[in-house]
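There are 2 protein chains.
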Amino acid sequence: MPKTVNHDERRKDLADAVLAIIARTGINGVTVRAVAQEAGWSTGVLTHYFGNRHEMLLGALRRAAAVTGRRQSELVKRSQTDAVTTLETILEEVLPLDAERLALTRIFLFFYAEAAAEDAVRQEIAGYLANWRRFVQEVVRRAQEEGALHRSHDPVAAADALVALTDGLAVHALFDDRLLSEMRAESPVPGWVDVFRAPAARTAPLT
Amino acid sequence: MPKTVNHDERRKDLADAVLAIIARTGINGVTVRAVAQEAGWSTGVLTHYFGNRHEMLLGALRRAAAVTGRRQSELVKRSQTDAVTTLETILEEVLPLDAERLALTRIFLFFYAEAAAEDAVRQEIAGYLANWRRFVQEVVRRAQEEGALHRSHDPVAAADALVALTDGLAVHALFDDRLLSEMRAESPVPGWVDVFRAPAARTAPLT
Numbered sequence: 000m001p002k003t004v005n006h007d008e009r010r011k012d013l014a015d016a017v018l019a020i021i022a023r024t025g026i027n028g029v030t031v032r033a034v035a036q037e038a039g040w041s042t043g044v045l046t047h048y049f050g051n052r053h054e055m056l057l058g059a060l061r062r063a064a065a066v067t068g069r070r071q072s073e074l075v076k077r078s079q080t081d082a083v084t085t086l087e088t089i090l091e092e093v094l095p096l097d098a099e100r101l102a103l104t105r106i107f108l109f110f111y112a113e114a115a116a117e118d119a120v121r122q123e124i125a126g127y128l129a130n131w132r133r134f135v136q137e138v139v140r141r142a143q144e145e146g147a148l149h150r151s152h153d154p155v156a157a158a159d160a161l162v163a164l165t166d167g168l169a170v171h172a173l174f175d176d177r178l179l180s181e182m183r184a185e186s187p188v189p190g191w192v193d194v195f196r197a198p199a200a201r202t203a204p205l206t
Numbered sequence: 000m001p002k003t004v005n006h007d008e009r010r011k012d013l014a015d016a017v018l019a020i021i022a023r024t025g026i027n028g029v030t031v032r033a034v035a036q037e038a039g040w041s042t043g044v045l046t047h048y049f050g051n052r053h054e055m056l057l058g059a060l061r062r063a064a065a066v067t068g069r070r071q072s073e074l075v076k077r078s079q080t081d082a083v084t085t086l087e088t089i090l091e092e093v094l095p096l097d098a099e100r101l102a103l104t105r106i107f108l109f110f111y112a113e114a115a116a117e118d119a120v121r122q123e124i125a126g127y128l129a130n131w132r133r134f135v136q137e138v139v140r141r142a143q144e145e146g147a148l149h150r151s152h153d154p155v156a157a158a159d160a161l162v163a164l165t166d167g168l169a170v171h172a173l174f175d176d177r178l179l180s181e182m183r184a185e186s187p188v189p190g191w192v193d194v195f196r197a198p199a200a201r202t203a204p205l206t
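Protein chains in written order, with numbering that gives the first Met the number 0: chain P, 0 to 206; chain Y, 0 to 206.
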């Protein structure tokens with residue numbers, strides 16, 4: 000009987016192997032040979048799925064974005080906890096608090112630089128960021144309805160700021176061990192979210 | 000009489016030509032030929048100062064960092080205005096509110112991606128960010144002494160957050176025309192700074 004190959008699963012496994020290498024050694028560690036070794040496959044099989052190094056990195060970006068997006072979406076849908084806790088968890092999904100999220104920050108930063116120069120990548124990155132903001136907006140609105148966050152804040156502006164702050168700190172932590180160890184010792188997110196418990200200082204706070 | 004050539008001035012002029020191209024067309028527009036044309040010099044003279052494209056980009060990064068750092072330093076030293084206004088101006092120096100600052104965001108993002116992979120670049124980028132945070136810390140302290148910002152905020156934590164927020168939003172605006180046009184219509188910075196007028200919500204707010 001011929002062996003059944005699930006190509007989608009293989010692509011996912013390879014993308015996960017790429018992300019594991021990125022978590023351990025960074026983007027520079029990603030080579031066709033290293034990924035083949037990590038996945039336990041031949042380079043010949045690997046190049047059937049990803050033609051070159053850049054395609055492997057793009058596969059890893061899409062895998063990381065899909066996994067994170069699905070987690071955030073499930074957090075928003077389930078809402079087993081209060082909205083503020085959900086909001087904090089959604090933001091912490093994107094801080095490099097462990098190896099998996101460190102890989103996420105690194106692969107996104109790699110493609111941010113490309114997105115500034117290549118329009119197709121720019122559209123893709125803009126889409127991921129827009130999704131992330133929409134999740135944050137929805138949970139901010141819910142927290143306002145629950146009375147936990149103050150209604151004077153514009154949810155769109157709050158999401159723009161919270162997403163920029165989280166992403167900015169995630170990237171800065173790649174360059175600064177003090178920032179990384181401080182955020183791993185204690186998440187900065189609850190302190191940020193607390194800002195939105197008080198009334199807005201101006202008509203358009205944090206925007 | 001032999002012509003006197005000020006080599007430092009020439010390097011600055013070339014770096015400014017690179018930044019002008021980045022402002023207009025982005026990093027991809029930077030080629031030896033395009034920079035020679037922008038500066039009005041021969042490619043031969045240009046390659047005497049910058050051996051290749053990457054060296055030109057690095058020269059542009061250092062020029063942009065020096066100009067911005069000097070401006071921020073002068074703002075901190077002069078302090079002709081109240082500290083909150085100085086703080087707002089220091090942060091706005093780094094938002095892509097005009098073509099010059101757009102080039103700054105683009106050249107920094109290009110080297111952020113490199114800094115995640117190359118240790119020498121990482122050290123350099125970490126140094127620029129640390130300087131920026133120190134300026135912000137100093138002005139936050141001054142604003143607290145003036146009674147404009149609340150003393151319950153840790154200036155180090157406030158600077159970490161304000162710098163991450165500013166940088167994160169600057170980068171996101173590269174991918175999102177709504178964010179860019181909104182920040183150009185009205186600076187978001189005063190709203191962020193207002194957060195620090197109120198007492199800290201927790202012992203370690205915004206960190």
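Even for Gly, the Cβ is constructed at its ideal location relative to N, Cα and C.
Rounded separation between residue i and residue j - CA only
i: Asp-97 (chain P); j: Arg-32 (chain Y); result: 45 Å
i: Asp-176 (chain P); j: Gln-122 (chain Y); result: 11 Å
i: Asp-118 (chain Y); j: Gly-28 (chain P); result: 14 Å
i: Arg-141 (chain Y); j: Ala-19 (chain P); result: 45 Å
i: Pro-154 (chain Y); j: Glu-144 (chain Y); result: 12 Å
i: Val-188 (chain P); j: Ile-106 (chain P); result: 22 Å
i: Thr-202 (chain Y); j: Ser-151 (chain Y); result: In this predicted model, Thr-202 (chain Y) has a pLDDT of only 43, less than 50, meaning its place in the structure is not dependable; the value taken from the coordinates is given anyway. Rounded to the nearest angstrom, the two C-alpha atoms are 8 Å apart.
i: Asp-12 (chain Y); j: Gly-50 (chain Y); result: 16 Å
i: Gly-68 (chain P); j: Ala-197 (chain P); result: 29 Å
i: Ala-184 (chain Y); j: Tyr-127 (chain P); result: 25 Å
i: Phe-134 (chain P); j: Gln-71 (chain P); result: 7 Å
i: Ala-195 (chain P); j: Val-139 (chain Y); result: The question names Ala, but residue 195 (chain P) is Phe in the sequence shown. About 21 Å.
i: Phe-109 (chain P); j: Ala-112 (chain Y); result: 5 Å
i: Arg-52 (chain Y); j: Arg-77 (chain P); result: 51 Å
i: Leu-230 (chain P); j: Glu-8 (chain Y); result: In the structure as shown, chain P starts at 0 and stops at 206, and residue 230 (chain P) therefore has no counterpart that could be examined.
i: Ala-129 (chain Y); j: Ser-180 (chain P); result: 16 Å
i: Thr-42 (chain P); j: Ala-114 (chain Y); result: 29 Å
i: Ala-125 (chain Y); j: Leu-173 (chain P); result: 9 Å
i: Leu-103 (chain Y); j: Val-34 (chain P); result: 35 Å
i: Asp-81 (chain P); j: Arg-132 (chain P); result: 19 Å
i: Glu-137 (chain P); j: Val-66 (chain P); result: 19 Å
i: Leu-168 (chain P); j: Val-93 (chain Y); result: 16 Å
i: Arg-10 (chain Y); j: Thr-30 (chain P); result: 36 Å
i: Tyr-48 (chain P); j: Glu-99 (chain P); result: 23 Å
i: Pro-204 (chain P); j: Asp-166 (chain Y); result: In this prediction, Pro-204 (chain P) has a pLDDT of 40, which is less than 50 and means its spatial position is unreliable; nothing more can be read from the coordinates.
i: Thr-46 (chain P); j: Ala-116 (chain Y); result: 24 Å
i: His-6 (chain Y); j: Val-44 (chain Y); result: 11 Å
i: Glu-54 (chain Y); j: Gly-39 (chain P); result: 39 Å
i: Asp-193 (chain Y); j: Met-182 (chain P); result: 24 Å
i: His-149 (chain Y); j: Val-4 (chain Y); result: 53 Å
Own chain partners of residue i with C-beta closer than 7 Å, once the 5 adjacent residues on each side are dropped
i: Leu-101 (chain Y); result: Ala-22 and Pro-95
i: Trp-191 (chain Y); result: Leu-161 and Leu-164
i: Glu-91 (chain P); result: Ser-186 and Val-188
i: Gly-25 (chain Y); result: Arg-105
i: Glu-37 (chain Y); result: Ala-16, Ala-19 and Ile-20
i: Thr-206 (chain P); result: For Thr-206 (chain P), the pLDDT reaches just 40, beneath the cut-off of 50, and the residue's location in the model is therefore unreliable, although a value from the coordinates is still provided. Result list for Thr-206 (chain P): Asp-153, Ala-156, Asp-159 and Ala-160, in chain order.
i: Ala-120 (chain P); result: Correcting the residue identity first, residue 120 (chain P) is Val in this sequence and not Ala. Counting only Cβ-Cβ distances below 7 Å, and skipping sequence neighbours, we find Phe-110, Glu-113 and Ala-114.
i: Ala-64 (chain Y); result: Tyr-127
Enclosing alpha helix (DSSP H) for residue i [first to last residue]
i: Val-194 (chain Y); result: Run containing Val-194 (chain Y): none; DSSP gives neither H nor E here.
i: Thr-46 (chain P); result: 42-48
i: Val-31 (chain Y); result: 31-38
i: Thr-80 (chain Y); result: Counting along the chain, Thr-80 (chain Y) falls outside any alpha helix (DSSP H), and DSSP gives it neither H nor E.
i: Val-170 (chain P); result: 154-174
i: Asp-97 (chain P); result: Here Asp-97 (chain P) belongs to no alpha helix (DSSP H), and DSSP marks it neither H nor E.
i: Leu-13 (chain Y); result: 6-24
i: Ala-142 (chain Y); result: 118-144
Cutoff 8 Å: residue i Cβ touching any chain B Cβ
i: Arg-196 (chain P); result: Of the protein chains in this structure, namely P and Y, none is chain B.
Neighbourhood of residue i by C-beta, 6 Å cutoff - its chain only, sequence neighbours within 5 removed
i: Ala-147 (chain P); result: Val-83
i: Leu-74 (chain Y); result: Thr-85, Thr-88 and Ile-89
i: Ala-14 (chain P); result: Gly-58, Ala-59 and Arg-62
i: Ala-199 (chain Y); result: Ser-151 and His-152
i: Val-170 (chain P); result: Leu-108
i: Gln-79 (chain Y); result: none
Cβ-based neighbour list, residue i, same chain, cut-off 8 Å, excluding 5 preceding and 5 following
i: Leu-56 (chain P); result: Val-17, Ile-26, Val-29, Ile-106, Phe-109 and Phe-110
Contacting positions in the region 89-112 of chain P - beta carbon closer than 8 Å to chain Y: So the close ones are Arg-105, Leu-108, Phe-109, Tyr-111 and Ala-112.
Listed from N- to C-terminal order along the chain, which residues in the region 155-176 of chain P have their beta-carbon within a distance smaller than 7 Å of any beta-carbon of chain Y? Listed by position along the chain: Asp-159, Ala-160, Ala-163, Leu-164, Asp-166, Gly-167, Leu-168, Val-170, His-171, Leu-173, Phe-174 and Asp-175.
Residues from the region 118-150 of chain P in contact with chain Y, defined by Cβ distance under 7 Å: Residues Arg-121, Ile-124, Ala-125 and Leu-128.
Determine which residues of the region 25-39 of chain Y have a Cβ less than 7 Å from any Cβ of chain P, and write them out in chain order. Contact annotation: in the region 25-39 of chain Y, residues whose CB is within less than 7 Å of a CB in chain P are Gly-25, Ile-26 and Asn-27.
Could you name the residues of the region 63-91 of chain P whose beta carbon sits closer than 7 Å to any beta carbon of chain Y, in the order they occur along the chain? Taking 7 Å as the Cβ-Cβ cut-off, the region 63-91 of chain P has no residue approaching chain Y.
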